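Visitor: The structure is given below, and queries will be raised subsequently.
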Amino acid sequence: MNIEVARIHRLDGKSRVKAFVDVRIDGALLIKGFRIIEGEKGYFISMPSVTGADNKWYDTVRILNNETKEEINNIIMSKYMEV
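No gaps in the numbering here: position 51 of the sequence shown is 57 in the numbering used here, and each next residue is one more.
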């Protein structure tokens, strides 16, 4: 599986959200809306999500195995740190 960052949109200011990221898989699938968040223990990747009618957040993408999740997280973070 070929995973690459298609776009990084960095945010300025004091928000905990540092960037929005789009990921392309095998040149055939584009997943928009990953977020890089600055938490208390450092940066982490948040899945694309939407707000439900109950005002709770729900992921719109689920990664079904840990290896793929770690690979995507590593690719996103390394690209974020490059720029």
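We treat Cβ as the ideally placed atom computed from N, Cα and C, and that holds for glycine. As the structure is a prediction and not an experimental result, all values here were calculated from the model.
(1) Looking only at its chain, what residues have a beta carbon closer than 6 angstroms to the beta carbon of D65, apart from the 5 residues adjacent to it on each side?
(2) Taking S84 as part of the beta strand (DSSP E), name the residues at either end of that continuous run.
(3) By alpha-carbon positions, which one of N8, R13, I9 and M7 ends up nearest to Y86?
(4) Of the choices I31, V23, W63 and K38, whose alpha-carbon is the least far from that of E46?
(5) Which ranges does the beta strand (DSSP E) cover as unbroken runs of at least 3 residues, wholly within the segment 11 to 60, from first to last along the chain?
Guide: Put simply:
(1) M53 and S55
(2) Note, S84: premise wrong, no beta strand (DSSP E); alpha helix (DSSP H) at N72 to E88.
(3) Looking at the Cα atoms, R13 is the closest of the given residues.
(4) V23
(5) 23 to 31, 35 to 45, 48 to 52 and 55 to 57
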